[in-house]
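Some notes on the structure that comes next.
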Amino acid sequence: MLAKRIIPCLDVNAGRVVKGTNFVDLRDAGDPVEIARRYDEQGADEVTFLDITASSDARDIILHVVEQVAGQVFIPLTVGGGVRTVADVRRLLNAGADKVSINTAAVDNPEIVREASGKVGSQCIVVAIDAKASAPGKWEVFTHGGRKGAGLDAIAWARRVEALGAGEILLTSMDRDGTRSGFDIALTRAVADAVHIPVIASGGVGTLEHLADGVSAGRADAVLAASIFHFGQHTVREAKELMRARGIEVRL
Amino acid sequence: MTSVAIIDYGMGNLRSVAKAIERVAPDLDVEITADPARVAAAGRVVFPGQGAMPDCMRELDRRGLRPAVLDAAAAKPFLGICIGLQMLFGHSDEGDVPCLGIFAGEVARFGADMTGADGARLKVPHMGWNEVWRRRPHPLWEGIPDGERFYFVHSYHVRPAAALVAAETDYGERFTSAVERTNIFAIQFHPEKSAQAGLRLLSNFIHWAP
Chain A
1 MLAKRIIPCL DVNAGRVVKG TNFVDLRDAG DPVEIARRYD EQGADEVTFL
51 DITASSDARD IILHVVEQVA GQVFIPLTVG GGVRTVADVR RLLNAGADKV
101 SINTAAVDNP EIVREASGKV GSQCIVVAID AKASAPGKWE VFTHGGRKGA
151 GLDAIAWARR VEALGAGEIL LTSMDRDGTR SGFDIALTRA VADAVHIPVI
201 ASGGVGTLEH LADGVSAGRA DAVLAASIFH FGQHTVREAK ELMRARGIEV
251 RL
Chain B
1 MTSVAIIDYG MGNLRSVAKA IERVAPDLDV EITADPARVA AAGRVVFPGQ
51 GAMPDCMREL DRRGLRPAVL DAAAAKPFLG ICIGLQMLFG HSDEGDVPCL
101 GIFAGEVARF GADMTGADGA RLKVPHMGWN EVWRRRPHPL WEGIPDGERF
151 YFVHSYHVRP AAALVAAETD YGERFTSAVE RTNIFAIQFH PEKSAQAGLR
201 LLSNFIHWAP
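Chains as they are written, first to last, in this note's numbering: chain A, 1 to 252; chain B, 1 to 210.
Spelled out as structure tokens, the structure:
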């Protein structure tokens, strides 16, 4: 049976891994190559880099980071953050990324999803959806790191990007991100049930149980977390052992 | 040592494959090439790729690489990966195109409404780590437990004659995840993305003397 995936996420700023809460108060958490290698050793199923570099001068640093990681870590690597054009997608794939995630650019111009997936294949294109609860059972899509409402319904948007050719959805609850209070299970389940492509749950993981809940109650195909793994609180292996004990199929 | 040619027909990044082989065989000359002469000169050939089948076949022919692939597949240790497995077959439903026809059989899409053992809907692409169950012994499995998980990402799979099937995997249906015949071994999963198990398979390929 296909295993549910655990994906550590690294926020990368000008070539260094950082971690903050709700996109502010960033703390240095180390060297991306070293951390990716450690996660591989722990049994991570993939690694995701989110490039949060603001300065345009430093934007190409991520390409060097991707090259180094891809040369040393032999598990899938997804890279997102600031991807605006199909040329950006190609640059990251050529540097060694296996998948590229597109967020704001897809909202601004949905055709980029169709164009990019047509050029490089759906399997390389992840659409990241940042969603905030707007009413009971309703979520709105946000962009610009959760600062700007897009006026789109998250469920409808998920279906739309699937139709445009996205191969996977990275779904982040902006209400939960950085809170360590668990995934927004209702949101995760609503999106996972609405599309035929894999959904990665993100935002809010504070305990290993939260990861298992994302899969069992949220029906996510994969779960993504950052801080729970970064500061040595838990290893990926511990997460998988707990998930297996709860009857979830994992690679151990 | 003999050199390894990784055939580059312009579809997707091949660096990961090259880096993974360099990792398991640091003394080996590993070359990513679109030059038929370099493919012909290599001791071993890896035929990878990603993307849509019609584009892959078109780009292969545009670069004049078809004869080199056919020659290599007839003569030397040959490893097909993902689309590089699918292209060896007669025809693909993806874009309804003829492929290389080294093996008889179709490349078919996974069903739209498959469900797993727990009743949950199975997503397409089949993406992630799944178990590979071998159907016969082969040197490329050496040191790898039967049922080991490898990383898959694909929406289509091959339907070969039973005599070719080297391994199978369950995803809604039981599909062929590896085929082999004499000097050819071809796999649907990505060894270059399958951590230690994948590196071991690549190491076995480098040492394989069919």
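Here a beta-carbon is modelled for each residue, glycine too, at the ideal position from N, C-alpha and C.
Coarse secondary structure for residue i, derived from DSSP in three states
i: Ala133 (chain A); result: strand
i: Tyr39 (chain A); result: helix
i: Met1 (chain B); result: At Met1 (chain B) the pLDDT is 47, less than 50, meaning the model places this residue with poor confidence and gives no usable figure here.
i: Gly80 (chain B); result: strand
i: Ile144 (chain B); result: coil
i: His210 (chain A); result: helix
i: Pro8 (chain A); result: strand
i: Trp139 (chain A); result: strand
i: Glu115 (chain A); result: helix
i: Glu46 (chain A); result: coil
i: Arg63 (chain B); result: coil
i: Phe205 (chain B); result: helix
i: Val67 (chain A); result: The question names Val, yet the displayed sequence has Glu at residue 67 (chain A). Note: Glu67 (chain A) maps to helix in three-state DSSP.
i: Ser194 (chain B); result: coil
i: Ile184 (chain B); result: strand
i: His94 (chain A); result: The sequence given here places Asn at residue 94 (chain A); His does not occur at that position. Helix at Asn94 (chain A).
i: Phe229 (chain A); result: helix
i: Arg147 (chain A); result: coil
Beta carbon proximity, residue i to chain B, threshold 8 angstroms
i: Glu168 (chain A); result: yes
i: Asp98 (chain A); result: yes
i: Val83 (chain A); result: no
i: Ile248 (chain A); result: no
i: Leu211 (chain A); result: no
i: Pro76 (chain A); result: yes
i: Ser122 (chain A); result: yes
i: Gly71 (chain A); result: yes
i: Arg59 (chain A); result: no
i: Asn109 (chain A); result: no
i: Met243 (chain A); result: no
i: Ala225 (chain A); result: no
i: Leu93 (chain A); result: yes
i: His64 (chain A); result: no
i: Asp51 (chain A); result: no
i: Arg180 (chain A); result: no
Whole-Å CB distance - residue i paired with residue j, under 8 angstroms assumed
i: Asp269 (chain A); j: Gly149 (chain A); result: Summary: the structure shown does not reach residue 269 (chain A), with chain A confined to residues 1 through 252, and so no result is reported for it.
i: Gly165 (chain A); j: Arg114 (chain A); result: 5 angstroms
i: Ala18 (chain B); j: Ile32 (chain B); result: 6 angstroms
i: Trp129 (chain B); j: Arg149 (chain B); result: 4 angstroms
i: Pro191 (chain B); j: Ala73 (chain B); result: That belief does not hold up - the Cβ atoms of Pro191 (chain B) and Ala73 (chain B) are roughly 18 angstroms apart, past 8 angstroms.
i: Ala70 (chain A); j: Gly96 (chain A); result: 3 angstroms
i: Ile206 (chain B); j: Leu28 (chain B); result: 7 angstroms
i: Asp93 (chain B); j: Tyr156 (chain B); result: 7 angstroms
Cutoff 8 angstroms: residue i Cβ touching any chain A Cβ
i: Glu94 (chain B); result: no
i: Glu192 (chain B); result: yes
i: Arg109 (chain B); result: no
i: Arg15 (chain B); result: yes
i: Asp35 (chain B); result: no
i: Gln50 (chain B); result: yes
i: Val30 (chain B); result: no
i: Val46 (chain B); result: no
i: Gly80 (chain B); result: no
i: Gly116 (chain B); result: yes
i: Val153 (chain B); result: yes
i: Ala20 (chain B); result: yes
i: Ala68 (chain B); result: no
i: Arg149 (chain B); result: yes
i: Asp170 (chain B); result: yes
i: Gly198 (chain B); result: yes
Residues of the stretch 121-139 of chain B with Cβ closer than 8 angstroms to any Cβ of chain D, in chain order: In the structure shown, chain D cannot be found, because the protein chains are A and B.
Is the stretch 183-203 of chain A in contact with the stretch 213-226 of chain A, if contact means three or more CB pairs nearer than 8 angstroms? Touching, per the Cβ criterion.
For the 8 angstroms Cβ check, are there 3 or more pairs between the stretch 63-78 of chain B and the stretch 87-106 of chain B? Verdict: yes, contact present.
Contact between the stretch 39-51 of chain A and the stretch 79-93 of chain A: three or more CB pairs below 8 angstroms? Verdict: yes, contact present.
Measuring CB atoms only, is the stretch 94-106 of chain B touching the stretch 52-63 of chain B, in the sense that at least three cross pairs come out at less than 8 angstroms? Between the stretch 94-106 of chain B and the stretch 52-63 of chain B, the count of Cβ pairs shorter than 8 angstroms is three or higher; the stretches touch.
Is it the case that the stretch 74-81 of chain B contacts the stretch 36-47 of chain B, given that we only count it when at least three CB pairs across the two stretches are under 8 angstroms? Short answer: they touch.
Specify whether the stretch 63-83 of chain A and the stretch 193-207 of chain B touch according to this definition: at least 3 beta carbon pairs, one from each stretch, less than 8 angstroms apart. Contact between the stretch 63-83 of chain A and the stretch 193-207 of chain B is present, because at least three Cβ pairs lie under 8 angstroms.
So, does the stretch 165-173 of chain B touch the stretch 114-129 of chain B, judging by three or more C-beta pairs under 8 angstroms? Three or more pairs of CB atoms, one per stretch, sit closer than 8 angstroms, so the stretch 165-173 of chain B contacts the stretch 114-129 of chain B.
Secondary structure, beta strand (DSSP E): runs of 3+ residues fully inside the stretch 83-162 of chain B: Whole beta strand (DSSP E) segments, 3+ residues: 106-109, 126-131, 149-154 and 156-159.
What are the uninterrupted segments assigned as alpha helix (DSSP H) that are 4 or more residues long and contained completely in the stretch 162-194 of chain A, given in chain order? Counting only runs of 4 or more, we get 185-194.
Inter-stretch contact at 8 angstroms, needing at least 3 Cβ pairs: the stretch 11-18 of chain A / the stretch 58-65 of chain A: The stretch 11-18 of chain A makes contact with the stretch 58-65 of chain A; the number of CB pairs closer than 8 angstroms reaches 3 or more.
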